[in-house]
């Protein structure tokens, strides 16, 4: 019996030059669609949950294409609004070796960013839901969306829906000051927070020692400290942190940790050879939500989330096209990549 | 010795699903760049003129790609400004048979549409120029650009630069009333006007009898009437009108006429099997400007323009990638399409 | 308020060499999915109906891809069964000029062809439905599916669901004798029959005079005769016949007629330049069902169906990706193919 | 029991921009291989003959790729020499509508053009052969190859092998004077000549009245006259002429005639919608040779050749990928292009 | 002077989503053809041997395409039968990092799997041959093919043809019990066995200690033990074992060993960065057969086989497109991957 | 204020099979354009210099395409001559793992290789220039080009233009003896030499101890020795050497050193995961020239050059499409490859 899960945010068209080409070289773009919360919805649909994505897209073929992409992968789009001016776009160069992946956003004035809070009927949307998820990107799109988020989490709280939030700080969307103000208000209604050290520091000034993310050196202790501070500051039920070690655009270390108020669980650490790392964090969030929704222990939950997001790095596009059994198989230990016949 | 020609307007990224796919089916887009005035500049560069395109593009890889596309085809980009938020985009489905080609514009808030009139140093830009060309799209982008156009044509007039304008009415950009007001002011400085019956009627209320464009029926007499009225109303030196007969999205009739104040010259009529018809009118304008700049007679000029734009219908993208000798060869009569070895 | 419509049959993977290549030349195949009844479901979903497709696909990524393709285009797949050995495949060369399109079927042993009649819970599937549609292909897949069809139409009849059947004779699937025996039994429960002259002749021995389909000569009188005979023989509520004039693989004449027991209505005749003609008949059926479900007159219904299927010839793949407004626009007369901006 | 047939000439790499792009736009080329005599060999292999192609290619992966392409389509490459500097290349833009297809040759210094006559062991190559075919291109590659052709046809004559020659005048390879001198010598050993009016006029000064090939106007009488003159001048056993009416790069009329010394047979005339017309004449030659080798009457032979080459216009690449039964089917009259299921 | 070598088995169409896409994401498939024994034949043709592949394919364009693919790469297809229902297909996702490559078989009811033993005239096929090769896949296709294999190896033995067998256990084709029964009978006629630890254990219950293939840990001692047991049990002339260390789907260790009854030779160990690992074992077998046929010492033979199959991991498709000199160059030690100009 | 820089040499069409395919497998080639000196010009244009490339290309669409490719990336083509027979071509297989990248040259008889020294007006070309760069490939194209190089460097010297030369020995173009004779003469006018150990040894017999390039073992001391010897022998102002460690075709170590007469500076050493390594050395030269032209210290210059060329290994094609800020960012230490949003 699938659980109803609702995620809320922006879905963008993603335009990616094929074969490691740069934008100035490209004569074609591969087109997919994605966004932090949409990516989470796809993960949950893949694992069998009834996942709804809430957004607003323009009433034209481009908006329809975004809806179709979600439907294709099993996401329910019943609450998607149509109208407004445009679908947000982002251009994404796939990096390699020392050349970083590049994201050029062209998301201003998107339909969702201009939507009014009252367009969303949260009572109806969250009716019967078990979980509501959003990220720090959604309220950053404007005061209107910050308000919509607040409406949503308040309704969720009232209806007994668990709320998770991936902090996801985007410096191009708002200032640190604005982010802190808005996010602090929203955190009051959040049960599970997900982030990385940078997010916590940027958004809430919560920081760990001795980690230089450009060097790929991670202080595990620092992260644990951050998790606990977050947990305590906002009276959460759980805090998850993803730990990316950036050796190069082609190779990363990847793991996560989860603090449930009692103990901190660090997942297995994966060395990933990257096909496409966009959506890595979202796939972790999607995995974590699935695991917590389905009664996994804290230890199992972080392992499931880490395995799911490890696999994401091998998948083209924002969405994590892996099955439940593939995640469980990796989580249980088979990372050999042997051919499955 | 090439002539310096300047065109002014917007260049957009064009995203086209390959192989007649619709946007909702597309997993990739072919990417080219184009816009009414940029297309004219490419035509002129192809024929050997020193063509400058003036616009503003964002200072990011997407803006750079637009510049590169122009440079590739020989257009000088010395006066292109960098800054602003975004490059305009348009999505373009290639129609076939009874299914019309579809254009979805996503051009709002583009860098050029937000540029200030004073950013353009027309004295410098038009220094030494022989010709200045713009279309009705540029002033439709906003009052700022209407002012920039006015600045440009006034400077041109003062410097003795011939000015041409393709009326190009775009109903999604402005109302008929606004268009009439702005365009009437600009026409005072225009020497050569180019348009089709619809443009003249929409923008200036100048109309011909008994033509139903959706039926593909053209009244030649009506068009002549329109040309003369335009000529007289705005004290022009020449008026050109393109005549498209739309049998289907795959097959059109195509020709043009030119009125030089004395006589009206109708070009040969071509039956074109369409590969890509976007930019058809622009390639006519580019051909006409080249011919008039190079001392062609009125009769020759309209034949050159018609031949050039006939060929455009067989070229992928907005730009008309044909050589001077190819146009002349067709103009002189070889429409057999025999293999050139 | 959308109507629930159910279609039942096989969905196959379609492998098409790109760019007019032949199978022996192909180094890649474009992959889409389609089948007579699935194609009808997509048409209805496009027009806003709640369309369900019933079938069985293997429980592997290939079967999942077929489901995803349906979901993407809005078809409900709630009643799709999973299991069995394989998804049927067909290879499809796109012909041109005098070279015919070629279909190589590899559909034997598909999951749906091996499904047992009792796997389909027609009470539940047809609960609340307004319309049930199948084609002559489904019962031709085997006695098991002939039985499943019989179960379905009997249930439909009992529940007051309108039943339509596209005769669609496939000589590679069964003999004329077998077809006649099975189809005659099924026709007892059918309200609306759709076919072409060939179908009626092959399946029921109902034939018109003086038409040689390989010559592209159509006797309208003959077709009317066939429609009436079908209507009378099986006490139908309506008979539709599609009329294809095959001039070449690139150019066809296309129209339809509909007999409602009182009068025969012949649609407008279209000359189509073909992009992809597979699914042409299905798009006619989809259009007809939509029109009849929504209270169109007989005349309007056949015009809607003809316009919808005219457009299909310009769409890549089996599915007819056109919107309601596009069909209505063509039906009302704009076949000019002018760019829609 | 297949007949051994030998053809001799150059095979080149053909580089074609995809999707009607021009060379200056192309970011990729489709690569195939072809050449007048190789194309004939492929046709014959397709129809079941044992076709050998004789040439010389460089001993590198590019030369190997040419060999592989021949082998793939059933041509025997036992007598292909390896060595020399390079494989000839030609760039080929696919034209459309009034824009002609364009061929840019880059064939100088190819391995075959530099081969020495004594490298070819004609005794061995022609041992057991029934037919030897070459075109006017081969001797035009240089005096060495003119000599090799002479060696070949003399040996053929001695061994009782029928010799055919497609005149195929290429003005970029040699002058009219040189062509006439060399070809006249070779014609002494030729049994069947194939050409078009232009060839006969250019090479031998044999011309027909009142035909302007750039206008698409064909004088059938003129062609008959040319055929008879050729027949008589060189004491041939048969003369075939292909008749192309070039309406545009997209649409041609196509037919052929054959004179056997008694009567002139004109084939059915096809209106072809062109996918790729390169190799059209070669596919006619291939069809004619097959028909004459297999005892077809003169009338049947020209119909078979015309049907085969009609189909070629719908096939991508130089080679005519059609089966014997497809040609016979068209020859017998089904040009409807109806789907073959 | 090339040696005649015969291999016998199934060739399938392989459909691979491009660019690491998963099947559910794919809008196109790259199409190649392959199968254990066909792959070996291509290797041998590449090295200059006269390699024949024996199979049965359907008499349609799909079957012809498989034949053409073999011919292209130099394999003789004289003994390929035509008929039956279909060509087997397999879908193949290319894995990366921790995501394993995935194979979905759709090979049931293929023409070869339904062929009758008496259709193969082994006397003729093996006439003049030096070597016969098959794998454990062929007899697993059905009792008919197990019989055909038995016929083949008995004939081979009688004619003095060396027989090799790659054990290649496929659990989806037959049970361990069945495999053991059939393979034991066939081994009586085998001279050279090739396998990996898993094969030997699954098929014959011969196993080594302390190797966990999912962990990528290899016990060299264990493998030697297996080789010797196989050698002794079946009175072989040689046993080869491939040793794959699966670190991930992107990186493997690769080597082989060969036991000639006297000594065990372990090849150099390669760390391979994988482009496409399907056919890796087959390319080892192809290399080993070539080496043994051409008088290489045991040590050289295993080094040649290991180098050949190391290179295979960098080649797209099942076939190992490398030249003799490339293998020898690597075998002699240049693994630097420096550009060859 | 950009510096005028001139480079002189050949630009070739580069044909690359996509996706790691080999030439014998390719059905299409990706087409780019490149050559040692053109690549340097693009680097300099990217960093903002006014870079001119001097060459000769055929006056046809293929030559034009090469010019367009240069213009696209900002290189000035004012001094490019048109004429001659052909554009040089090279085929380039992208290697992987132990399979080396392969280059097949087809550059003989190119327009530039046949150009006459007097066609180049060096007074005009070098007027106002700050730097002139060529490589050892240009004089290797023939005595005519050796003379043209000599004319160029003499003129440069006279006009006070700094001259750099990348030794770039190509064994297929000339013998060691010839190279030594010609290069020795040219070195008299050179200020900055760039090379690798192999070049110095091959061209001038200057060699270092104990380095086996096929083993990937580099003796830093040896390289320093070579640099000093080069410096002293030819009275240079600077010597740069690139140090490639070839672990495999997929992974290399990469660094450079620079000797300015006082000290030797070794750059940071990068481990690069290779996308496309052609043009790696040229991007080093381009970086070095930029740095020296813009007043970087010796230490900074070699770091800039190394960072620029490190990034090149991740860029498709010959040209190094990176921005000044990207190089500086890497040079300053961020090699983490983290996504740039």
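Protein chains in written order, with this note's numbering: chain A, 358 to 698; chain B, 358 to 698; chain C, 358 to 698; chain D, 358 to 698; chain E, 358 to 698; chain F, 358 to 698. The beta-carbon is built from N, C-alpha and C at its ideal position, and this holds for glycine as well. Keep in mind that this is a model prediction, so the values were computed, not measured.
Residue i, enclosing alpha helix (DSSP H) - first and last residue
{"i": "residue 358(B)", "result": "Element bounds for residue 358(B): n/a, residue is neither H nor E."}
{"i": "residue 597(F)", "result": "Note, residue 597(F): premise wrong, no alpha helix (DSSP H); beta strand (DSSP E) at 595-603."}
{"i": "residue 428(A)", "result": "418-429"}
Continuous beta strand (DSSP E) stretch holding residue i: start and end
{"i": "residue 371(E)", "result": "369-373"}
Proximal residues of chain D, C-beta to C-beta of residue i below 8 Å
{"i": "residue 425(F)", "result": "381"}
{"i": "residue 431(E)", "result": "425 and 428"}
Residue i: contacting residues in chain E (beta-carbon distance under 7 Å)
{"i": "residue 419(C)", "result": "380, 448 and 461"}
Cβ-based burial, residue i [other Cβ within 10 Å; buried from 16]
{"i": "residue 374(D)", "result": "buried"}
{"i": "residue 669(D)", "result": "buried"}
{"i": "residue 449(E)", "result": "buried"}
{"i": "residue 464(E)", "result": "buried"}
{"i": "residue 418(C)", "result": "buried"}
{"i": "residue 682(C)", "result": "exposed"}
Where residue i meets chain D, residues with beta-carbon distance less than 7 Å
{"i": "residue 536(C)", "result": "Correct list: empty, because the minimum Cβ distance to chain D is about 15 Å."}
{"i": "residue 466(F)", "result": "465 and 466"}
Closer than 7 Å: residue i CB and nearest the ligand SAM heavy atom
{"i": "residue 653(E)", "result": "The ligand SAM is not part of this structure, which contains no ligands at all."}
Interface residues of chain B facing residue i [CB-CB closer than 8 Å]
{"i": "residue 607(D)", "result": "630 and 694"}
{"i": "residue 704(C)", "result": "Because chain C is modelled from 358 through 698, residue 704(C) falls outside the range shown and cannot be assessed."}
Interface residues of chain A facing residue i [CB-CB closer than 8 Å]
{"i": "residue 422(B)", "result": "380, 381 and 383"}
Where residue i meets chain A, residues with beta-carbon distance less than 7 Å
{"i": "residue 473(E)", "result": "What residue 473(E) touches in chain A: nothing, since even the nearest Cβ is about 27 Å away."}
Interface residues of chain H facing residue i [CB-CB closer than 9 Å]
{"i": "residue 640(D)", "result": "The question asks about chain H, but that chain is absent: this structure's protein chains are A, B, C, D, E and F."}
Please list, in chain order, the residues of the segment 442-456 of chain B that have any C-beta partner in chain A closer than 9 Å.
442, 443, 444, 446, 448 and 450
Identify each residue in the segment 365-394 of chain D for which the Cβ-Cβ distance to at least one residue of chain C is less than 9 Å, and report them in chain order.
375, 376, 387 and 389
Within the chosen definition, does the segment 629-646 of chain F reach the segment 396-414 of chain F through at least 3 CB pairs nearer than 8 Å?
yes
Measuring CB atoms only, is the segment 608-622 of chain E touching the segment 653-668 of chain E, in the sense that at least three cross pairs come out at less than 8 Å?
yes
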